[in-house]
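Peer 1:
In this note's numbering, the protein residues as written are 182 to 461.
(1) Quick check: the Cα distance between residue 209 and residue 216, rounded to an integer number of angstroms?
(2) Helix, strand or coil, according to DSSP, for residue 343 in the structure here?
(3) Within the same chain, show all residues whose beta-carbon is closer than 6 angstroms to that of residue 327, passing over the 5 residues directly before and after it, in chain order.
(4) Based on the DSSP output, what are the partners of residue 368 in its beta bridges?
(5) Please identify the residue among 257, 198, 282, 356 whose C-alpha is closest to the C-alpha of residue 414.
(6) Would you kindly work out how many angstroms separate the C-alpha atoms of residue 313 and residue 270, rounded to a whole number?
(7) How many Å lie between residue 248 and residue 242 at the Cα?
(8) Looking at the structure shown, is residue 439 part of a helix, part of a strand, or coil, going by DSSP?
(9) Does the stretch 333-342 come close enough to the stretch 246-264 that 3 or more CB-CB pairs lie under 8 angstroms?
(10) Return the CA-CA distance between residue 448 and residue 457, expressed in angstroms with no decimal places.
(11) Is DSSP giving residue 187 helix, strand or coil here?
(12) Return the CA-CA distance between residue 236 and residue 319, expressed in angstroms with no decimal places.
(13) Please work out which residues of its chain come closer than 6 angstroms, Cβ to Cβ, to residue 360, disregarding the five sequence neighbours upstream and downstream, and give them in chain order.
(14) Quick check: the stretch 341-357 against the stretch 399-413, are there 3 or more CB pairs under 8 angstroms?
(15) Along the chain, where does the alpha helix (DSSP H) containing residue 286 start, and where does it finish?
(16) Counting only the same chain and skipping the five closest in sequence on each side, list residues whose C-beta sits under 6 angstroms from that of residue 303.
(17) Between residue 233 and residue 321, what straight-line distance do the alpha-carbon atoms span, to the nearest angstrom?
(18) Assuming residue 310 contacts residue 388 (C-beta within less than 8 angstroms), just tell me the rounded distance between them.
(19) Excluding the 5 residues preceding and the 5 following residue 277 in the sequence, name in chain order all residues of the same chain whose CB lies nearer than 7 angstroms to its CB.
(20) Hey, quick one: how far does the alpha helix (DSSP H) through residue 221 stretch, first residue to last?
(21) Determine the DSSP secondary structure at residue 412, reduced to helix, strand or coil.
Next up, the structure:
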């Protein structure tokens, strides 16, 4: 048997798939079959809902040697901190996310809070993603979503002198209270230069933060498992089931608006997770 791997968008583990489909999470003999199904179904669900159902952050500033001592001081021998880091956010594993108040030197910063003491802590600055700025300073993250925003840089596509880093009172994440998964789908900028921003077509914003849901919602996992079960047990029709000589074939939605072969029950379960629900 070849090495079985799940792709980055996989919504369920092989243990979960075995338990749901075959009622036996210890039987690995059919893992290739399950992995193929999970790897096909999961991206289709992401695309259908236009949501980021997992943490997708790939940080370009990170380390594993962070040290806290119960005060506002944070130390990392490989931090390479610079003055421009003031106002940025750092995520410290098991401690939380803090803003940087000041930079003492290349290895030490002062935080906005006092995390409890710890050593060998993983830390990261999040990931920067670039978006177009729309009318009235609205920045739509689709098909992504953000859990926490760090720094916001306007005009990263222009000359250095024209760029502007926004302060926290110059932007707002929306919807105001977040989604049910504590993520945000778009942002409003309220920069003093908004008039100039609107008049320049093609401007961009670089947003550094932590992307995707912290964990896959239970309802989405169940929808994935239902579809995988359907695909594995009924590969020909994706939906039919036979018993005592009779075959029942529920509707399998397809066409421009539905992924081919998505069972109706799965679609109904996913309706409340579609991006449009939060933009009405």
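Even for Gly, the Cβ is constructed at its ideal location relative to N, Cα and C. These figures come from a predicted structure and were not determined experimentally.
Peer 2: Short version:
(1) Residue 209 sits at position 28 when you count from the first residue of the chain shown. Residue 216 sits at position 35 when you count from the first residue of the chain shown. Looking at the two C-alpha atoms, the distance is approximately 11 angstroms.
(2) On the chain shown, position 162 is the one that residue 343 refers to. Here residue 343 sits in helix by DSSP.
(3) In the chain shown, the residue the question calls residue 327 occupies position 146. These residues qualify, in order along the chain: 365, 390, 392.
(4) Here residue 368 refers to the residue found at position 187 of the chain shown. Partner(s): 320, 354.
(5) By 1-based counting over the chain shown, the position of residue 414 is 233. Nearest C-alpha to residue 414: 198.
(6) Here the question's residue 313 lines up with position 132 in the chain shown. Here the question's residue 270 lines up with position 89 in the chain shown. C-alpha separation (whole angstroms): 23 angstroms.
(7) For the purposes of this step, residue 248 is taken as the residue at position 67 of the chain shown. For the purposes of this step, residue 242 is taken as the residue at position 61 of the chain shown. Those two C-alpha atoms are separated by around 16 angstroms.
(8) Here the question's residue 439 lines up with position 258 in the chain shown. Note that residue 439 has pLDDT 48, beneath the 50 cutoff, so the model's placement of it is unreliable and the number below is only indicative. Residue state, collapsed to three classes: coil.
(9) no
(10) For the purposes of this step, residue 448 is taken as residue 267 along the chain shown, with counting starting at 1. For the purposes of this step, residue 457 is taken as residue 276 along the chain shown, with counting starting at 1. Answer to the nearest angstrom: the Cα atoms are 14 angstroms apart.
(11) Residue mapping note: residue 187 aligns to position 6 of the chain shown, counting from 1. Looking at residue 187 - three-state DSSP - the assignment turns out to be coil, as it is neither helix nor strand.
(12) Within the chain shown, the letter at position 55 stands for residue 236. Within the chain shown, the letter at position 138 stands for residue 319. Roughly 24 angstroms between the two C-alpha positions.
(13) For the purposes of this step, residue 360 is taken as the residue at position 179 of the chain shown. So the list reads 459, once near-sequence residues are dropped.
(14) no
(15) Looking up residue 286 in the chain shown gives position 105. Element bounds for residue 286: not the alpha helix (DSSP H) but the beta strand (DSSP E), 277-286.
(16) Here residue 303 refers to the residue found at position 122 of the chain shown. Closer than 6 angstroms at Cβ, skipping near neighbours: 245, 274.
(17) Counted from its first residue, the chain shown places residue 233 at position 52. Counted from its first residue, the chain shown places residue 321 at position 140. The straight-line gap from Cα to Cα measures roughly 14 angstroms.
(18) Residue numbering aside, residue 310 sits at position 129 when the chain shown is read from its first letter. Residue numbering aside, residue 388 sits at position 207 when the chain shown is read from its first letter. The Cβ separation is near 6 angstroms, so the contact holds.
(19) As a working note, residue 277 is residue 96 in the chain shown. Around residue 277: 296.
(20) As a working mapping, residue 221 is identified with position 40 in the chain shown. First-last of the alpha helix (DSSP H) with residue 221: 212-230.
(21) Here the question's residue 412 lines up with position 231 in the chain shown. Residue 412: helix per DSSP, three-state reduction.
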